[in-house]
Amino acid sequence: MQTEIYHLFHSGTAVRIKDKLFVFDYFKDEPQTKKALASSFEKGVIRKESFKNINEAYIFVSHSHHDHYNQVIFDWERYCDQINYILAAEVEPEAELKNKDNLYLMEKDEELKLEDVKISSYGSTDKGVSFLVELADLTIFHAGDLNWWKWKKFSEKVQAREEREYKREVDKLKGKQIDIAFVPVDPRLEEHFYLAGEYFIDQIKPALFIPIHFGDNYDVTKFFRDRFNSNQTRVAEITDSGEKILYTKK
């Protein structure tokens, strides 16, 4: 069984498996690539055609930061009859959206079952939550802003707290067989950008690790892949918005 994954700029990702579509932290609604491509996915955006042959869609928003949340996602209801929106509770959608029967707001450490999809919310080291999505034959983790935020400007005490809080959340995932993990490799952290990903790979051992939260600094993903790719965990390199990655569960 093959899964299609598309990088939709920064932390935005789309995962397509059979007739299901999962979209996380959609941000830029205009193509960020200069390549002449036919597919909207390959342009790094979601359009009507993205829902072709899709029977169920699950749209996730980890938190309210502008680079993780674009309200255009609610327009997609026109394209899919069975679409669900799963948002961190702090997002505060517009008043007219709050009573939608396909909108679910999650605090950390909660579970939600929709059809045959189990969704668990974990904490963040910034706003909102991170998401674990479990299907019968695939498990996905999207970290949102769950990151090891080791900023140089932080005191040693604050840096130690950031490390402790990140590791505490990641450690909750131990024992989970994660197929696809989306975890930040933020180049603004300079030489510390890799810490979150390294710890996640070392402790959780996902089958496929896909970097997120790097804006248009694609070089950082090559550096990370070259350093941490292994037979146990494949690390994807992202070269452009709309990058397509294929995953086949062993």
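Numbers 1 to 250, taken from full-length UniProt numbering, label the letters of the sequence shown in order.
Where is the CB? At the ideal position from N, CA and C, for every residue including glycine.
Checklist line | Boundaries of the beta strand (DSSP E) in which Ala14 is found, first to last residue | finding: Taking the first residue of the sequence shown as 1, we reach residue 14 at position 14. Counting along the chain, the unbroken beta strand (DSSP E) around Ala14 starts and ends at Thr13 to Ile17.
Item checked: DSSP-derived helix/strand/coil call for Arg161 -> Start at 1 with the first residue of the sequence shown, and residue 161 comes out as number 161. DSSP places Arg161 in helix when its eight states are reduced to three.
Checklist line | Where Arg227 falls, given that 16 or more other Cβ within 10 Å makes a residue buried | finding: Here residue 227 is taken as the residue at index 227 of the sequence shown, counted from 1. Flag for Arg227 reads exposed.
Check: Are the beta-carbon atoms of Val185 and Pro206 separated by less than 8 Å?
Finding: Position 185 of the sequence shown, counted from the start, is the residue given in the question as residue 185. Position 206 of the sequence shown, counted from the start, is the residue given in the question as residue 206. No, these two residues do not count as a Cβ contact at 8 Å.
Next item on the list: Quick one: residues in its chain with C-beta nearer than 7 Å to the C-beta of residue 289, no 5 flanking neighbours on either side, listed in chain order?
Entry: Residue 289 lies beyond the stretch modelled for the chain, which goes from 1 to 250, so this question has no answer here.
Margin query: Does Glu134 pass the burial test, meaning 16 or more other C-beta atoms within 10 Å, or should it be called exposed?
Written below: Position 134 of the sequence shown, counting from 1, holds the residue named residue 134. So Glu134 ends up on the buried side.
Check: I think His213 touches Thr13, with their Cβ atoms under 8 Å apart; what is that distance to the nearest whole Å?
Finding: For the purposes of this step, residue 213 is taken as the residue at position 213 of the sequence shown. For the purposes of this step, residue 13 is taken as the residue at position 13 of the sequence shown. Rounded to the nearest angstrom, the Cβ distance from His213 to Thr13 is 11 Å, too far for a contact under 8 Å.
Margin query: Is the separation between the beta-carbon of Ile46 and that of Val23 shorter than 8 Å?
Written below: Here residue 46 is taken as the residue at index 46 of the sequence shown, counted from 1. Here residue 23 is taken as the residue at index 23 of the sequence shown, counted from 1. Yes, these two residues count as a Cβ contact at 8 Å.
Item checked: Per-residue burial, Val91 [other beta carbons within 10 Å of its own, 16 or more giving buried] -> Stepping through the sequence shown from its first residue, residue 91 is reached at position 91. A residue is called buried when at least 16 other Cβ atoms come within 10 angstroms of its Cβ; Val91 meets this threshold and is buried.
Notebook entry, point to check: Rounded to the nearest angstrom, how far is the Cβ of Tyr194 from that of Thr3, given a contact under 8 Å?
Noted result: Stepping through the sequence shown from its first residue, residue 194 is reached at position 194. Stepping through the sequence shown from its first residue, residue 3 is reached at position 3. For Tyr194 against Thr3, the beta-carbon gap comes to about 25 Å, at or over 8 Å, which does not count as contact.
Item checked: Residue span of the beta strand (DSSP E) that contains Val23, given as start and end -> Here residue 23 refers to the residue found at position 23 when the sequence shown is read from its first residue. In the DSSP assignment, Val23 falls within the beta strand (DSSP E) that extends over Lys20 to Phe24.
Check: Count the other CB atoms within 10 Å of the CB of Trp149; is the residue buried (16 or more) or exposed (fewer)?
Finding: The residue given as residue 149 occupies position 149 in the sequence shown. Around the CB of Trp149, 16 or more other CB atoms lie within 10 Å, so the residue is classed as buried.
Notebook entry, point to check: If you compare alpha carbons, which of Asp101, Val129, Leu138 and Lys108 is closest to Asp116?
Noted result: The residue labelled residue 116 in the question sits at position 116 within the sequence shown. Considering only Asp101, Val129, Leu138 and Lys108, the residue with the shortest C-alpha distance to Asp116 is Leu138.
Check: Is Phe154 buried or exposed, if buried means 16 or more other CB atoms sit within 10 Å of its CB?
Finding: As a first step, residue 154 is located in the sequence shown; it is residue number 154 there, counting from the start. Exposed is the call here.
Check: For Asp29, which of Arg234, Asp67 and Ile17 has the nearest alpha-carbon?
Finding: Looking up residue 29 in the sequence shown gives position 29. Comparing Cα-Cα distances from Asp29 to each of Arg234, Asp67 and Ile17, the minimum goes to Asp67.
Next item on the list: Quick one: residues in its chain with C-beta nearer than 7 Å to the C-beta of Lys108, no 5 flanking neighbours on either side, listed in chain order?
Entry: Residue mapping note: residue 108 aligns to position 108 of the sequence shown, counting from 1. Around Lys108: Ser121, Tyr122, Gly123 and Val129.
Next item on the list: Compute the Euclidean distance between the alpha carbons of Lys52 and Tyr58, then round it to the nearest angstrom.
Entry: For this step, residue 52 is matched to residue 52 along the sequence shown. For this step, residue 58 is matched to residue 58 along the sequence shown. Roughly 15 Å between the two C-alpha positions.
Margin query: My assumption, with CB atoms under 8 Å, is that Val183 sits in contact with Phe209. Please give the rounded CB distance.
Written below: Position 183 of the sequence shown, counting from 1, holds the residue named residue 183. Position 209 of the sequence shown, counting from 1, holds the residue named residue 209. 7 Å between Cβ atoms; contact.
Note to self: List, from N- to C-terminal side, the beta strand (DSSP E) runs of 3 residues or more that fit wholly inside the segment 97 to 133.
What the structure shows: With a minimum length of 3 residues, the continuous beta strand (DSSP E) runs that stay inside the segment 97 to 133 are 103 to 106, 111 to 114 and 117 to 122.
Check: For the putative contact between Leu103 and Tyr79, defined by C-beta atoms under 8 Å, what is the C-beta separation to the nearest angstrom?
Finding: In the sequence shown, residue 103 corresponds to position 103, counting from 1. In the sequence shown, residue 79 corresponds to position 79, counting from 1. In fact, because the Cβ distance is near 17 Å, the residues do not count as touching under 8 Å.
Notebook entry, point to check: Exposed or buried, what is Met1 when buried is set at 16 or more other beta-carbons lying within 10 Å of its beta-carbon?
Noted result: For the purposes of this step, residue 1 is taken as the residue at position 1 of the sequence shown. The residue is exposed, with fewer than 16 neighbouring Cβ atoms inside 10 Å.
Notebook entry, point to check: Skipping 5 residues on each side, what residues in its chain have a beta carbon closer than 6 Å to that of Tyr218?
Noted result: As a position in the sequence shown, residue 218 is number 218, starting the count at 1. Once the five neighbours on either side are set aside, the close Cβ partners of Tyr218 are Ile238 and Thr239.
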